Amino acid sequence: MPNTSQTFLADTTLGTVPFSGRGRAIPINAGLRVDFFNMLILGAGYGRNVGRIGSLSSSPVFMSEELADGFGVDPGILIHDPHQFVFEQEEFVMDKIYGTVGLVLWDANRRASFINRRYRKYDPNNYMMQSTRNQLLRQWYPFKVVTEAEIGTITFRQPIDSRFIVQETNFFALHLRFEYLLGEYFRLFLKGGAEFSNLQFEPRREPFLPPGIPSPNQVGGDPLVEPQDFRQRFLTAQIGLAINLPGSKRCKTPGCGVKMRHLHDGVEYRGSSIFNLQNRRIGQHF
1 MPNTSQTFLA DTTLGTVPFS GRGRAIPINA GLRVDFFNML ILGAGYGRNV GRIGSLSSSP
61 VFMSEELADG FGVDPGILIH DPHQFVFEQE EFVMDKIYGT VGLVLWDANR RASFINRRYR
121 KYDPNNYMMQ STRNQLLRQW YPFKVVTEAE IGTITFRQPI DSRFIVQETN FFALHLRFEY
181 LLGEYFRLFL KGGAEFSNLQ FEPRREPFLP PGIPSPNQVG GDPLVEPQDF RQRFLTAQIG
241 LAINLPGSKR CKTPGCGVKM RHLHDGVEYR GSSIFNLQNR RIGQHF
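So the sequence shown is numbered by UniProt numbering: it starts at 1 and just counts up by one.
Shown next, in the form of structure tokens:
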């Protein structure tokens, strides 16, 4: 569940006054990924965030020395009282379409390379150390670490305020993904990271008003007469399931109880479901 942080920048005669607030959202994502050489991962996905945005608050602004010299007054005078930017409704629904590029940082192959480098210093005739190395290499290693970057577009499906229009915008995200392999085709994952987007709020104008005439819509007691930037930051934590598409069918030959990969009339079949190891060894036949 991501924790969101929003920053709203309101331009005034005194400069830019930032409004900030926090919220929460529940992310739902589905995607397709292709693993190239167990190193580079490319894919695409679709996601939906359902959450709540709280009101945004500004901090008091005091006159700086430079501005005070220009007006001929003492610095430190309060020139902007704290305000709140209150949305008409707190709930929002946000859709996103994105592309993914990932890099495998650690898995069974990289562990095997590390073990080989570690035991390279031992003599090949050292039976005990070479036996230990071979035993480590034959072990099933279920952990995998991947770093991912996402680039896509965000669209609000449920407006949070009728006084303005939220334009479609791009977003960028960085994630670190930890996977636990239950088999060659099925795994659990935990992913955490950060997502960044800059939305733009366009004031909703009446159709009969000519250009240059501000809309009578009011935001915080003042007319919203120009677009405002809305910087959104998500700190995300996700848990999910991932399935690899198997390259062979499950064996359904009557009377065949083989649990490993095997052949029937020259055709390879799987002896186990995708939720289990395909070539299980002694002690793994559960």
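Heads up, the beta-carbon is just placed ideally off N, CA and C, and yes, glycines get one too.
Just so we're clear, the structure is a prediction, and the values are computed from it rather than from any experiment.
Legend entry - Element boundaries [alpha helix (DSSP H), containing I115]: As a first step, residue 115 is located in the sequence shown; it is residue number 115 there, counting from the start. Here the alpha helix (DSSP H) through I115 covers A108 to R118.
Legend entry - Local conformation of Y127 per DSSP, three classes: If you number the sequence shown from 1, residue 127 lands on position 127. The DSSP-derived three-state label of Y127 is helix.
Inset, instruction - Report the rounded CA-to-CA distance for D35 versus I41, giving the unit in angstroms. - result: Stepping through the sequence shown from its first residue, residue 35 is reached at position 35. Stepping through the sequence shown from its first residue, residue 41 is reached at position 41. Each residue's CA atom was taken as its position, placing D35 and I41 some 5 angstroms apart.
Inset, instruction - Please say whether N244 and residue 360 have beta carbons closer to each other than 7 angstroms? - result: What the structure shows of the chain is the stretch from 1 to 286, and residue 360 is not part of that stretch, so it cannot be assessed.
Inset, instruction - Would you tell me roughly how many angstroms separate the C-alpha atoms of S131 and S273, rounded to the nearest one? - result: Locating residue 131 in the sequence shown gives position 131, counting from the first residue. Locating residue 273 in the sequence shown gives position 273, counting from the first residue. If you take the alpha carbons of S131 and S273, they lie about 32 angstroms apart.
Legend entry - Beta-carbon spacing of L176, G192 below 7 angstroms: Position 176 of the sequence shown, counted from the first residue, corresponds to residue 176. Position 192 of the sequence shown, counted from the first residue, corresponds to residue 192. Result yes, Cβ atoms of L176 and G192 sit closer than 7 angstroms.
Inset, instruction - Have a look at F156 and F172 and give me their C-alpha separation to the nearest angstrom. - result: Residue 156 sits at position 156 when you count from the first residue of the sequence shown. Residue 172 sits at position 172 when you count from the first residue of the sequence shown. Straight across, the Cα-Cα distance linking F156 with F172 is about 16 angstroms.
Inset, instruction - Give every residue of the same chain whose Cβ lies closer than 6 angstroms to the Cβ of A112, excluding the five residues on either side of it in the sequence, and list them in chain order. - result: In the sequence shown, the residue the question calls residue 112 occupies position 112. Cβ neighbours of A112 within its own chain (closer than 6 angstroms, five residues either side excluded): L137.
Legend entry - CA-to-CA distance, K259 to G266, given in whole angstroms: For the purposes of this step, residue 266 is taken as the residue at position 266 of the sequence shown. For the purposes of this step, residue 259 is taken as the residue at position 259 of the sequence shown. In this structure, the straight-line span from the alpha carbon of G266 to that of K259 is close to 17 angstroms.
Inset, instruction - Tell me whether T155 sits in a helix, a strand or coil according to DSSP, three-state version. - result: Taking the first residue of the sequence shown as 1, we reach residue 155 at position 155. T155: strand per DSSP, three-state reduction.
Inset, instruction - Take every Cβ of the stretch 235-251, pair it with every Cβ of the stretch 18-36, and state whether three or more of those distances are shorter than 8 angstroms. - result: Because the criterion of three Cβ pairs below 8 angstroms is met, the stretch 235-251 and the stretch 18-36 touch.
Inset, instruction - Assign R133 to one of three DSSP states: helix, strand, or coil. - result: The count along the sequence shown starts at 1 and reaches residue 133 at position 133. If DSSP states are grouped into helix, strand and coil, R133 belongs with the helices.
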